[in-house]
Amino acid sequence: MQILDLLAQDPSRWWPAQELSEAIGVSHHRQLRGVLSEMTRGGDLQRKKESAGLPASYRPAPAAPPASQEENVMSG
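Each residue of the sequence shown is one higher than the last, beginning at 20 in this note's numbering.
See below:
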C-alpha cells in the first residue's frame, strides 16, 4: 500500500494529511479521510490532531510485541 510504504520511510515522523495526499498523487487530502480513518481504527496508523482548524497528522502505529515463549506454552 502506498501510504504505509511512504510512512515506513521515516516511522517517527508525523505526516500531515495534505502532505500524504500530495506524495501519493491524490488531489486533495479530504479524499483520503475514509482510508486514513479505517487504517487508524484497524491499528495500522496513529492519528494526531493539533487543533480544530488543521488536518490531522499520521504515522505508522508501533508494532505489537511478539508473544513470549512462556505465553505460547501456557495457551497451547
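Using N, Cα and C, we set each Cβ at its ideal position, and we do this for glycine too.
**Message:** If you measure between the beta carbons of G62 and A42, is that distance less than 7 Å?
**Reply:** no
**Request:** Note down the Cα distance separating M58 from G72, rounded to an integer number of angstroms.
**Result:** Rounded to the nearest angstrom, the two C-alpha atoms are 22 Å apart.
**Prompt:** On the three-state DSSP scale, how would you describe L73?
**Reply:** Note: L73 maps to coil in three-state DSSP.
**Bridge partner(s) assigned by DSSP for W34** = Y77
**Item:** Classification of L23 by the beta-carbon crowding that lies within 10 angstroms, buried from 16 upward
**Value:** exposed
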